[in-house]
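Asker: Numbering (this note's numbering), first residue to last: 41 to 231.
Below you'll find the structure I mean.
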């Protein structure tokens with residue numbers, strides 16, 4: 041089976057994540073998208089990063105109606121800080137019957153050369169890249185293992201959603217209704 045791994049903090053998961061994942065499925069070479077919730081990215085320090093298990097629960101709620109989407113806490117038990125190469129090696133060993141690709145934004149491709157063992161990742165796995173607003177092209181776009189995904193530009197981010205929550209503004213249509221209920225019930229992202 042061909043699996044696209046969608047790494048992220050998903051703090052919270054939003055409609056843009058779902059649209060990108062759905063486009064990956066429509067590409068005809070991906071059978072499932074696995075949302076891999078990152079406990080803490082080595083490149084991001086986020087003071088509003090809520091508990092990893094809560095973010096996992098929100099992803100599970102967001103993808104509940106799509107059998108081709110799965111939520112995984114693979115990185116929760118790996119050594120911290122965790123790097124993508126460590127997760128890829130673990131998955132390759134644990135699921136040798138699957139072929140893995142990494143689904144990521146063009147902003148990540150632009151800085152991909154900074155990733156630990158990026159050449160090993162690039163030479164052994166496909167990178168499926170979705171466009172991000174205002175991101176320059178990367179020299180890596182021409183690599184044979186890099187595939188550009190034609191998705192609409194979604195100008196919504198988890199940080200923008202958190203800002204709206206702080207300001208007591210609506211996040212309706214940016215996240216699913218069950219995510220809104222989850223956030224409100226637990227009073228998440230409020231100062």
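All C-beta atoms in this analysis are idealised placements derived from N, C-alpha and C, irrespective of residue type, glycine included.
It should be emphasised that the depicted structure is a prediction, and the values quoted were computed from it without experimental measurement.
Give the straight-line distance between the Cα atoms of residue 157 and residue 129, rounded to the nearest whole angstrom.
Answerer: Each residue's alpha carbon lies about 11 Å from the other.
Asker: Would you tell me roughly how many angstroms separate the C-alpha atoms of residue 126 and residue 120, rounded to the nearest one?
Answerer: If I take the Cα positions, the gap works out to 10 Å.
Asker: Which residue wins for smallest C-alpha separation from residue 65, given the options 93, 108, 103?
Answerer: Of the candidates 93, 108, 103, the one whose C-alpha sits nearest the C-alpha of residue 65 is 108.
Asker: Going by beta carbon distance, what residues of the same chain come within less than 6 Å of residue 71, once the five residues before and after it are set aside?
Answerer: The answer, listed in chain order, is 41, 42.
Asker: In chain order, what residues of the same chain lie with their CB nearer than 6 Å to the CB of residue 139, ignoring the 5 residues before and after it?
Answerer: The residues are 42.
Asker: Whose CA, out of 181, 212, 190, 76, lies closest to the CA of residue 116?
Answerer: Cα-wise, what sits closest to residue 116 is 76.
Asker: Quick one: give me the first and last residue of the alpha helix (DSSP H) that residue 160 is part of.
Answerer: Per DSSP, residue 160 belongs to the alpha helix (DSSP H) from 158 to 164.
Asker: Can you give me the C-alpha to C-alpha distance between residue 221 and residue 161, rounded to a whole angstrom?
Answerer: Answer to the nearest angstrom: the Cα atoms are 38 Å apart.
Asker: Tell whether a beta-carbon distance below 8 Å holds between residue 202 and residue 80.
Answerer: No, these two residues do not count as a Cβ contact at 8 Å.
Asker: Three-state secondary structure (DSSP) at residue 60?
Answerer: Residue 60: helix per DSSP, three-state reduction.
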